[in-house]
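Chemist: Reminder that position 115 of the sequence shown reads as 115 in the UniProt record's numbering, one-by-one numbering, no gaps.
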Amino acid sequence: MLLRPCNLFLGRRYNSQNWSGALDSTSNLCRAAAGDSVAFARVVKAEQARVFGFLGRMGLDAVTSEDIAQEAFLRVWRSAKSFDPRLGAASTWILTIARNLALGHLGAAARRRENFDEDEVLQAPCGAPRPDAVLEEKQRRARLAAALERLAPTERSLLAASYDEGLDLAAIAHLEGCSPGAAKLRLHRARLKLKQILETDDG
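1) Does the distance between the C-beta of leucine 87 and the nearest non-hydrogen atom of the ligand ATP fall short of 7 Å?
2) Runs of 4 residues minimum, wholly inside the UniProt domain "RNA polymerase sigma-70 region 2" (44 to 111): which ones carry the alpha helix (DSSP H) assignment?
3) Measuring straight from C-alpha to C-alpha, what distance separates arginine 191 and alanine 183?
4) Please state if the CB of histidine 105 and the CB of threonine 64 are separated by a distance shorter than 8 Å.
5) Once DSSP output is grouped into helix, strand and coil, what is the label at arginine 150?
6) Find out if the Cβ-Cβ distance for the pair alanine 32, alanine 69 is shorter than 8 Å.
7) Any idea what DSSP makes of alanine 34, helix, strand or coil?
8) With the cut-off set at 8 Å, would you say glutamate 47 and serine 91 are in Cβ contact?
9) Under 8 Å by Cβ, that's how I've got leucine 29 and alanine 72 pegged, so tell me the actual separation to the nearest angstrom.
10) Can you tell me whether alanine 108 is buried or exposed? The criterion is at least 16 other CB atoms within 10 Å of its CB, across all chains shown.
11) Quick one: what does DSSP say serine 25 is sitting in, helix, strand or coil?
12) Nearest CA to the CA of aspartate 164: which residue from Gly53, Ser27, Arg189 and Gly35?
13) Can you tell me whether serine 25 is buried or exposed, with buried defined as 16 or more other CB within 10 angstroms of its CB?
14) For leucine 95 versus leucine 175, is the C-beta distance shorter than 8 Å?
15) Of the choices Val44, Ala49, Glu66 and Arg57, whose alpha-carbon is the least far from that of alanine 80?
16) If you drop the 5 nearest sequence neighbours on each side, which residues of the same chain put their C-beta closer than 6 Å to that of glycine 88?
17) Locate the alpha helix (DSSP H) running through alanine 171, then write down its first and last residues.
18) Cβ of leucine 151 within 8 Å of Cβ of lysine 193?
19) Please classify glycine 59: is it buried, with 16 or more other beta-carbons within 10 angstroms of its beta-carbon, or exposed?
20) Helix, strand or coil: which one does DSSP assign to glycine 181?
21) Assuming leucine 169 and proline 180 are in contact, meaning their beta carbons sit under 8 Å apart, how far apart are those beta carbons, in whole angstroms?
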């Protein structure tokens, strides 16, 4: 069973420790491709929080995120031999698998006209901040979540990759399956659309 971190949807950017972890995941995934289950367990431990957070930012609730994350890591294990470290880091490859599963789920859900409850993808921060700070943060998150829900799943994926994961254009392009130039244009359009939605809501 994957662990559910308490700061699942808080968002974060890479620091030096994150990059070190990404390198470790890449080397461990290469060992997992040779059948090393211990190395694969290290990959899961290192990447599960990132996958959970990414799926949450794509608009999936916690339960669905866990289900898709489980399936994503199962596919990672089964397809480990197809991973090529020359094409990118293991973390990006894993996010690509999770992203594709999420897009498939969201597409099916849209066809069934299911509505997602935005409160399910929002979780209070760890610790015990002041009540007024909690309320303000909850309102900010609710406003942002409502705006994100009005974006296409692919647009949410782009923003999550850029803002939450701190991926550069090359990594985002690999994740999205396009050129860096196309990734830059798509990201710009997604940012502009989100900004317009937030400004319209404020007005």
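Backbone N, C-alpha and C fix where the C-beta goes; we use that ideal spot for every residue, glycine too.
Modeler: So, from the listed chains and residues:
1) Summarising the ligand content, the structure contains no ligands, and the ligand ATP is consequently not present.
2) For the UniProt domain "RNA polymerase sigma-70 region 2" (44 to 111), whole alpha helix (DSSP H) runs of length 4 or above, ordered along the chain, are 62 to 78 and 90 to 111.
3) Counting from one through the sequence shown, the residue named residue 191 turns up at place 191. Counting from one through the sequence shown, the residue named residue 183 turns up at place 183. Near 12 Å, if we compare the C-alpha coordinates of alanine 183 and arginine 191.
4) What you label residue 64 is simply residue 64 of the sequence shown in a count that begins at 1. What you label residue 105 is simply residue 105 of the sequence shown in a count that begins at 1. In contact: threonine 64 and histidine 105 (Cβ atoms closer than 8 Å).
5) Here the question's residue 150 lines up with position 150 in the sequence shown. DSSP places arginine 150 in coil when its eight states are reduced to three.
6) Taking the first residue of the sequence shown as 1, we reach residue 32 at position 32. Taking the first residue of the sequence shown as 1, we reach residue 69 at position 69. Contact: no.
7) Residue 34 sits at position 34 when you count from the first residue of the sequence shown. Here alanine 34 carries a coil assignment [DSSP, helix/strand/coil].
8) Numbered from its first residue, the sequence shown carries residue 47 at position 47. Numbered from its first residue, the sequence shown carries residue 91 at position 91. Yes, Cβ-Cβ distance for glutamate 47 and serine 91 is below 8 Å.
9) Your numbering for residue 29 matches position 29 in the sequence shown. Your numbering for residue 72 matches position 72 in the sequence shown. Leucine 29 to alanine 72, Cβ: 13 Å. No contact.
10) As a first step, residue 108 is located in the sequence shown; it is residue number 108 there, counting from the start. Label assigned to alanine 108: exposed.
11) To locate residue 25, count along the sequence shown from 1; it is residue 25. Helix at serine 25.
12) On the sequence shown, residue 164 is found 164 positions in, with the first residue counted as 1. Answer by Cα proximity: Gly53.
13) Counted from its first residue, the sequence shown places residue 25 at position 25. Result: buried.
14) Along the sequence shown, one-based indexing puts residue 95 at 95. Along the sequence shown, one-based indexing puts residue 175 at 175. Yes, the pair counts as a contact, with Cβ atoms nearer than the cut-off.
15) In the sequence shown, counting from the first residue as 1, residue 80 sits at position 80. Taking only the C-alpha atoms, the option nearest alanine 80 is Val44.
16) What you label residue 88 is simply residue 88 of the sequence shown in a count that begins at 1. Result list for glycine 88: His174, in chain order.
17) Taking the sequence shown and counting its residues from 1, one reaches residue 171 at position 171. From DSSP, the alpha helix (DSSP H) with alanine 171 extends over 169 to 176.
18) Mapped onto the sequence shown, residue 151 falls at position 151. Mapped onto the sequence shown, residue 193 falls at position 193. Cβ atoms of leucine 151 and lysine 193: closer than 8 Å.
19) Residue 59 sits at position 59 when you count from the first residue of the sequence shown. By the neighbour-count rule (16 or more Cβ atoms within 10 Å), glycine 59 is buried.
20) Residue 181 sits at position 181 when you count from the first residue of the sequence shown. Three-state result, glycine 181: helix.
21) Counting from one through the sequence shown, the residue named residue 169 turns up at place 169. Counting from one through the sequence shown, the residue named residue 180 turns up at place 180. Right, the Cβ-Cβ distance comes to about 5 Å (below 8 Å), so this counts as a contact.
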